[in-house]
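So the sequence shown is numbered by full-length UniProt numbering: it starts at 1 and just counts up by one.
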Amino acid sequence: MGISLTLTITRTDSSTNHLSHSTQLLVWPEKSPEEVIVVTITPDYPGSRHTGLVSGLKKFNWYFGSTLCFTTPGDGPRSSPILLQTHEDTPGPVRHLSFTAILDTSLRVSWAEPEDKNGIITGYVLWWEVPGVESGRVERTLSNSTLQHQLTGLTSTTLYTLQVAALTTAGRGVVTPSTISTGVPPELPGSPSNLVISNISPRTATLRFRPGSDGKTGISQWIVEGQVVKDDRKEDIWTVVYQKDNQPDADSVEIPDLSPFTKYRFRMRQANIVGSSNISAPSRLIQTLQDAPDSHPSNLTLLSATQTSLRFNWKPLPETEFNSSPETVGYRLRVWRTDGQGEDRTEDVEREGGTSETTVEGLNPFTQYQVQIQAYNSIGSGPWSHTVAALTAESEAVSSTRILLKWSPLPQAQKNGIILGYKVIYSEKDSEGPPSVQVAEGEGSVTLILSGLKKYTVYELQVLAYTRMGDGPQSGPLLLRTREDVPGPPVRMVFPEVRLSSVRVVWQPPTNPNGIILGYQISYCLDSRDPQRWTTVEVGSTARQFTVTGLSSEQAYVFRLTARTAVGWGEEQEALVVTTERRERPQPPRKLSVPQEGVESRHVRLHWVTGSSGSSPLRYFTLQAKELPNGDWNAHTADIPLKPFTSYKFRMLATNDVGDSVLSKETEAVTTLQDVPEEPPVILAVKPTTTTSVMVQWKKPNDTSINGVLTGYRLYYRELQVNVSTFVEAEVQATKNNTTSALITTKSTFKTVSSAALTEFELTQLKKFKRYQIVMTSYNIIGESPPSTPVEVSVGEAAPSVAPQSIKVSAVSPSTLEVTWDTPPLETQNGLIQGYKIHYWERDKQNQSEKVKVIFVPDTRVQLSNLTSYTPYLVTLTAFNTAGDGPPSDPRGARTMQSAPSAPSYLSFSEVTGGSVNVSWGAPLTPNGQLEGYRIIYQPTAPVQ
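Below you can see the structure in the form of structure tokens.
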């Protein structure tokens with residue numbers, strides 16, 4: 001079933017944007033807008049009217065239809081949808097055909113409506129006959145409400161063929177046949193047997209069988225169940241994979257919709273009007289043939305971009321969707337320029353080791369590309385994925401620690417003011433910490449060099465413009481990797497096995513590889529420091545240990561270990577080892593302490609005395625710290641990140657090539673010093689309270705960011721200048737680390753709130769009809785936090801401070817209340833009253849029934865309509881001006897008038913005799929007032945003789 005739509009396409013420069021384009025026809029069910037069917041139509045110019053056919057729709061159903069044009073950069077807007085209905089057709093078969101009350105000369109046949117009506121059912125046709133006796137055929141046409149019929153005048157112990165079909169205006173539907181013997185009730189059929197599988201393809205197989213007994217009536221359905229068997233012999237549950245109806249003499253079925261390259265076994269049942277047979281024995285195990293993949297990899301994502309390459313990753317297909325042997329599956333990327341220039345490129349990626357990323361090289365700098373991905377196997381290719389847009393970089397890494405970032409200035413229409421500069425927000429990719437920010441002042445700044453970056457690290461970079469009013473939106477993220485450099489030294493270099501003539505050296509890769517490690521170099525010599533006597537060995541990048549032989553006994557040797565990247569050899573790690581077998585673990589450090597003069601807010605200086613080395617050089621010390629009162633011991637081999645104003649205990653162990661010492665004694669508890677707060681309070685609201693004052697409300701900073709004892713807050717406020725350029729030249733004091741758009745200036749006035757418990761403060765004696773900018777800081781005895789995000793407020797008007805007066809509510813009709821009021825006193829209006837908000841609701845049902853009506857001045861009267869009859873309502877009023885809403889009034893109430901009640905909720909009759917009847921009824925669901933009584937009206941339905 002299809003819908004044919006004719007659409008008109010007008011070729012104008014503005015609509016096609018100078019690109020050849022095609023058209024998409026979109027159709028979706030009226031009640032399921034997400035189930036969109038898309039048909040692509042290639043226009044045959046120069047004609048402007050084109051027809052598209054959408055097939056596969058449901059019969060006699062309502063659909064919306066729309067069209068859009070699309071070009072390589074993307075889709076255009078949709079046309080307005082049109083509501084359409086598919087044509088009526090003949091109906092499907094009736095359901096649940098059954099026989100009851102089977103006697104010698106009569107029986108009753110019953111059925112249910114077709115599942116696929118395909119239109120409006122107008123009736124049913126029923127006919128029956130003795131097979132082979134044409135003159136005995138009887139036919140009945142029945143109404144659309146009839147779902148059973150009594151057959152009479154039948155011959156005893158005779159087999160009859162009976163058929164039922166539904167009717168629509170399009171004609172007779174699919175016939176549902178059955179057989180029945182009079183005087184012989186049907187019974188359950190026997191189960192099929194001798195199942196044989198043949199004609200196996202990727203998605204179908206033929207199942208042949210020997211039918212079981214029919215149960216003295218016709219077989220109405222053959223039911224096939226399938227079971228998937230995995231390679232590990234695990235078996236899925238049995239599920240119905242196919243049903244064949246109304247072919248009672250069948251001895252084979254073709255099973256559709258199987259999954260390619262999948263192991264199955266099948267079993268089946270047969271059913272008649274009584275029910276279903278027992279299940280058959282299962283068939284032999286078969287495997288469907290291979291086929292091309294049905295789906296594409298998902299989540300195609302751009303990982304990084306350089307000037308000439310793009311790196312992508314994706315979520316691979318699950319093996320259940322390969323449709324073939326796993327070793328034949330791979331992935332293919334298709335890449336083309338968005339502007340249509342150049343040729344399409346494809347890049348094949350073999351699926352070795354579960355590969356799910358690749359780099360496309362040889363692209364043009366600062367060019368947008370479109371990318372798709374598909375899976376393929378030895379049979380063919382699967383569908384292409386959705387398109388992903390990716391932009392090669394104009395920016396680039398200029399060294400291992402520096403990136404040159406470039407951007408285009410904002411178009412004039414998007415500036416919304418004078419651009420004061422740009423902010424570059426950058427962080428390591430997937431980093432959970434806050435990003436870093438650098439500011440490029442001035443509208444003409446369109447490049448910035450970021451320095452001090454980590455070597456061979458992917459960074460995510462974004463740029464935004466800012467004005468006096470605040471920050472604009474951030475650009476889309478750009479991913480760039482700094483260049484490779486020589487690596488840092490390998491770490492954890494130890495000698496776990498030392499003999500008189502050999503040692504085994506073990507290490508871990510550098511903490512800072514600064515690139516891809518290509519190999520390691522081990523150098524050693526006697527501790528004579530003679531450069532001519534060094535012996536050097538190189539090993540591969542995966543090596544983590546090496547055994548050196550041929551050494552002299554009881555001698556001290558110097559070992560050096562270094563790693564290499566493509567840039568060169570890196571920093572060396574050096575260690576001393578003695579070829580002796582008299583080694584033991586070291587003694588723990590002694591007299592571990594923290595002198596008070598070594599205590600700072602985030603650092604402490606520890607002193608200790610080294611214990612015995614155990615005849616093996618000490619390699620390193622491990623310090624353990626415990627945050628009091630309830631923290632766990634955490635081990636550190638580098639700097640410990642301590643928190644300000646926090647108590648700690650410390651302990652230490654030493655390590656040589658044999659192993660670790662026992663732990664030292666704990667230090668006494670030591671408390672780090674306070675530091676400036678890290679976070680400002682968050683300004684929640686700034687509300688005018690009078691024409692010269694505002695109330696500032698805020699939320700306290702997190703306790704973990706106070707870094708000591710919070711003393712209070714400071715509110716900085718200043719009048720905003722009308723001349724923006726003067727403001728820019730005189731007042732902006734940008735700092736590299738400031739990420740807010742409003743900075744504390746020399747013209748700011750501040751108020752100190754000396755109580756850390758307060759969360760609001762009123763700024764008074766402000767100038768009328770001026771605009772102010774407010775920021776806040778938190779402070780302790782060490783200093784102030786960074787400033788909060790700025791808030792601007794206009795002074796001169798405040799919200800009314802008193803509700804409307806003399807409020808009266810009265811009933812006008814069963815569905816209407818009238819509300820009248822007086823304006824608030826003049827001295828409490830705080831500006832020009834613009835109007836009033838009337839909130840009203842049914843008493844005791846405020847959450848379910850509250851509504852709001854807005855009335856503008858000069859009205860002080862309103863009628864609330866469409867209310868429920870004889871129902872109590874409550875009403876409150878607020879006045880508002882440009883500064884906001886005033887306080888609400890106390891609720892006033894009134895009840896709507898009565899109206900006629902609804903009908904009694906039910907009506908029943910009992911004790912019916914020749915001359916009387918007892919009538920019962922229920923009260924109305926909506927009485928709409930006080931019920932006074934009931935009126936019973938009755939009359940005969942036909943003339944009384």
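Glycine included, C-beta positions come from ideal geometry on N, C-alpha and C.
Predicted, not measured: the structure shown is a model, and the values here were computed from it.
Buried or exposed by the 16-neighbour rule on C-beta atoms within 10 Å, applied to residue 145
Within the sequence shown, numbered from 1, the residue matching residue 145 stands at position 145. Result: exposed.
Quiz item: When the Cα atoms are used, what is the spatial distance from residue 842 to residue 813?
Solution: Sequence index remark: in the sequence shown, residue 842 carries index 842 (1-based). Sequence index remark: in the sequence shown, residue 813 carries index 813 (1-based). Answer to the nearest angstrom: the Cα atoms are 16 Å apart.
Within the continuous alpha helix (DSSP H) that includes residue 368, where are the two ends? Counting from 1 along the sequence shown, the entry for residue 368 is found at position 368. Unbroken run through residue 368 is the beta strand (DSSP E), 368 to 376; no alpha helix (DSSP H).
(message) Assuming contact is defined by CB atoms lying nearer than 9 Å, are residue 364 and residue 342 in contact in what I supplied?
(response) Position 364 of the sequence shown, counted from the start, is the residue given in the question as residue 364. Position 342 of the sequence shown, counted from the start, is the residue given in the question as residue 342. Cβ distance < 9 Å, so residue 364 and residue 342 count as in contact.
> How is residue 619 classed by DSSP in three states: helix, strand or coil?
Replying inline: Mapped onto the sequence shown, residue 619 falls at position 619. DSSP places residue 619 in coil when its eight states are reduced to three.
What does the Cβ neighbour count give for residue 296, buried or exposed, with the cut at 16 atoms within 10 Å?
Here residue 296 is taken as the residue at index 296 of the sequence shown, counted from 1. That one is buried.
#### Entry: For residue 387 and residue 378, the rounded distance between their alpha carbons
Within the sequence shown, the letter at position 378 stands for residue 378. Within the sequence shown, the letter at position 387 stands for residue 387. Those two C-alpha atoms are separated by around 25 Å.
#### Entry: Of the residues 943, 290, 867 and 889, the one placed nearest residue 380, counting alpha carbons only
For the purposes of this step, residue 380 is taken as residue 380 along the sequence shown, with counting starting at 1. The shortest C-alpha separation from residue 380 is found at 290.
Assign residue 78 to one of three DSSP states: helix, strand, or coil.
As a working note, residue 78 is residue 78 in the sequence shown. The answer is coil: DSSP assigns residue 78 none of H, G, I, E or B.
Thinking C-beta only, is residue 782 closer than 9 Å to residue 708? Indexing the sequence shown from 1 puts residue 708 at position 708. Indexing the sequence shown from 1 puts residue 782 at position 782. Yes; because the gap between Cβ atoms is below 9 Å, this pair is in contact.
Would the region 455 to 470 count as touching the region 532 to 551 if we require 3 or more Cβ pairs under 8 Å? no
- [ ] Can you tell me the Cβ-Cβ gap for residue 594 and residue 672, rounded? I've got them flagged as a contact below 8 Å.
- [x] As a working mapping, residue 594 is identified with position 594 in the sequence shown. As a working mapping, residue 672 is identified with position 672 in the sequence shown. About 10 Å; that fails the 8 Å criterion.
Which residue wins for smallest C-alpha separation from residue 57, given the options 65, 647 and 50? As a working mapping, residue 57 is identified with position 57 in the sequence shown. Residue 65 is the option with its Cα nearest to residue 57.
Query raised in the report: For residue 226, which option in 110, 251 and 258 has the closest C-alpha, if you only look at C-alpha atoms?
Result: Mapped onto the sequence shown, residue 226 falls at position 226. Among 110, 251 and 258, the Cα nearest to that of residue 226 is on 258.
- Going by the CB atoms, is the gap between residue 395 and residue 464 shorter than 9 Å? Working through the sequence shown from its first residue, we reach residue 464 at position 464. Working through the sequence shown from its first residue, we reach residue 395 at position 395. Not in contact: residue 464 and residue 395 (Cβ atoms no closer than 9 Å).
Note to self: DSSP three-state label for residue 843, please.
What the structure shows: On the sequence shown, position 843 is the one that residue 843 refers to. Residue state, collapsed to three classes: coil.
- Please confirm whether residue 855 and residue 835 have their CB atoms less than 9 Å apart. Residue numbering aside, residue 855 sits at position 855 when the sequence shown is read from its first letter. Residue numbering aside, residue 835 sits at position 835 when the sequence shown is read from its first letter. Cβ atoms of residue 855 and residue 835: closer than 9 Å.
Practice problem: Kindly give me the distance between the Cβ atoms of residue 619 and residue 575, rounded to whole angstroms, as I take these residues to be in contact under 8 Å. | Solution: The residue you call residue 619 lines up with position 619 of the sequence shown. The residue you call residue 575 lines up with position 575 of the sequence shown. Yes, they are in contact, since the Cβ atoms of residue 619 and residue 575 sit about 7 Å apart, within 8 Å.
Considering only the alpha carbon of each residue, which of 771, 357, 701 and 130 lies closest to residue 313?
Walking along the sequence shown from the start, residue 313 turns up at place 313. Nearest of 771, 357, 701 and 130 to residue 313, Cα basis: 357.
Short check: CB of residue 689 to CB of residue 592, under 9 Å? In the sequence shown, counting from the first residue as 1, residue 689 sits at position 689. In the sequence shown, counting from the first residue as 1, residue 592 sits at position 592. No, they are not a contact pair.
| By the 10 Å Cβ neighbour count, where 16 or more other Cβ atoms means buried, how is residue 956 classified, buried or exposed? | Because the chain in this structure spans residues 1 to 945, residue 956 falls outside the shown range and cannot be described.
*asked:* Assuming residue 493 is part of the beta strand (DSSP E), what are its boundary residues?
replied: Here the question's residue 493 lines up with position 493 in the sequence shown. Element bounds for residue 493: 491 to 498.
List in chain order: all unbroken beta strand (DSSP E) runs of 3+ residues lying wholly within the UniProt domain "Fibronectin type-III" (93 to 187).
95 to 100, 107 to 112, 123 to 129, 138 to 143, 148 to 151, 159 to 168 and 176 to 181
query: If you count every other CB in all the chains shown that lies within 10 Å of the CB of residue 905, and 16 or more means buried, which is it?
result: For the purposes of this step, residue 905 is taken as residue 905 along the sequence shown, with counting starting at 1. Its Cβ having fewer than 16 others within 10 Å, residue 905 is exposed.
Cut-off 8 Å between Cβ atoms - residues of its own chain near residue 644, not counting five sequence neighbours on either side = Along the sequence shown, one-based indexing puts residue 644 at 644. If we look at residue 644 and ignore the five residues flanking it on each side, its Cβ neighbours are 601, 602, 672, 673, 674, 675, 707 and 708.
ask   = Counting along the chain, where does the beta strand (DSSP E) carrying residue 707 start and finish?
value = Taking the sequence shown and counting its residues from 1, one reaches residue 707 at position 707. Element bounds for residue 707: n/a, residue is neither H nor E.
* Environment of residue 881 [buried if 16+ CB atoms lie within 10 Å] -> Here the question's residue 881 lines up with position 881 in the sequence shown. That one is buried.
Closest by C-alpha distance to residue 414, when choosing among 482, 374, 432 and 472 = On the sequence shown, position 414 is the one that residue 414 refers to. That would be 472, whose Cα lies nearest to the Cα of residue 414.
_By the three-class DSSP mapping on this structure, what secondary structure does residue 247 have?_
For the purposes of this step, residue 247 is taken as the residue at position 247 of the sequence shown. Coil.
Original post:
Which whole runs of the beta strand (DSSP E) in the UniProt domain "Fibronectin type-III" (396 to 485) are 3 residues long or more, in chain order?
Top reply: 403 to 406, 421 to 428, 436 to 441, 447 to 450, 458 to 467 and 478 to 481
Discussion item. Suppose you measure from the CA of residue 237 to the CA of residue 167; what does that come to, to the nearest Å?
Written reply: On the sequence shown, position 237 is the one that residue 237 refers to. On the sequence shown, position 167 is the one that residue 167 refers to. Looking at the two C-alpha atoms, the distance is approximately 40 Å.
Mapping the DSSP letters down to three states, classify residue 720 as helix, strand or coil. Walking along the sequence shown from the start, residue 720 turns up at place 720. The answer is coil: DSSP assigns residue 720 none of H, G, I, E or B.
For the region 292 to 312 and the region 214 to 234, state whether three or more C-beta atom pairs, one from each stretch, are separated by less than 8 Å. no
*asked:* Along the chain, where does the beta strand (DSSP E) containing residue 315 start, and where does it finish?
replied: Translated into positions along the sequence shown, residue 315 becomes position 315. Element bounds for residue 315: 310 to 315.
Does residue 366 pass the burial test, meaning 16 or more other C-beta atoms within 10 Å, or should it be called exposed? On the sequence shown, position 366 is the one that residue 366 refers to. That one is exposed.
As a quick exercise: from 656, 207 and 551, pick the residue whose alpha carbon is nearest that of residue 617.
Counting from 1 along the sequence shown, the entry for residue 617 is found at position 617. The shortest Cα separation from residue 617 among 656, 207 and 551 belongs to 656.
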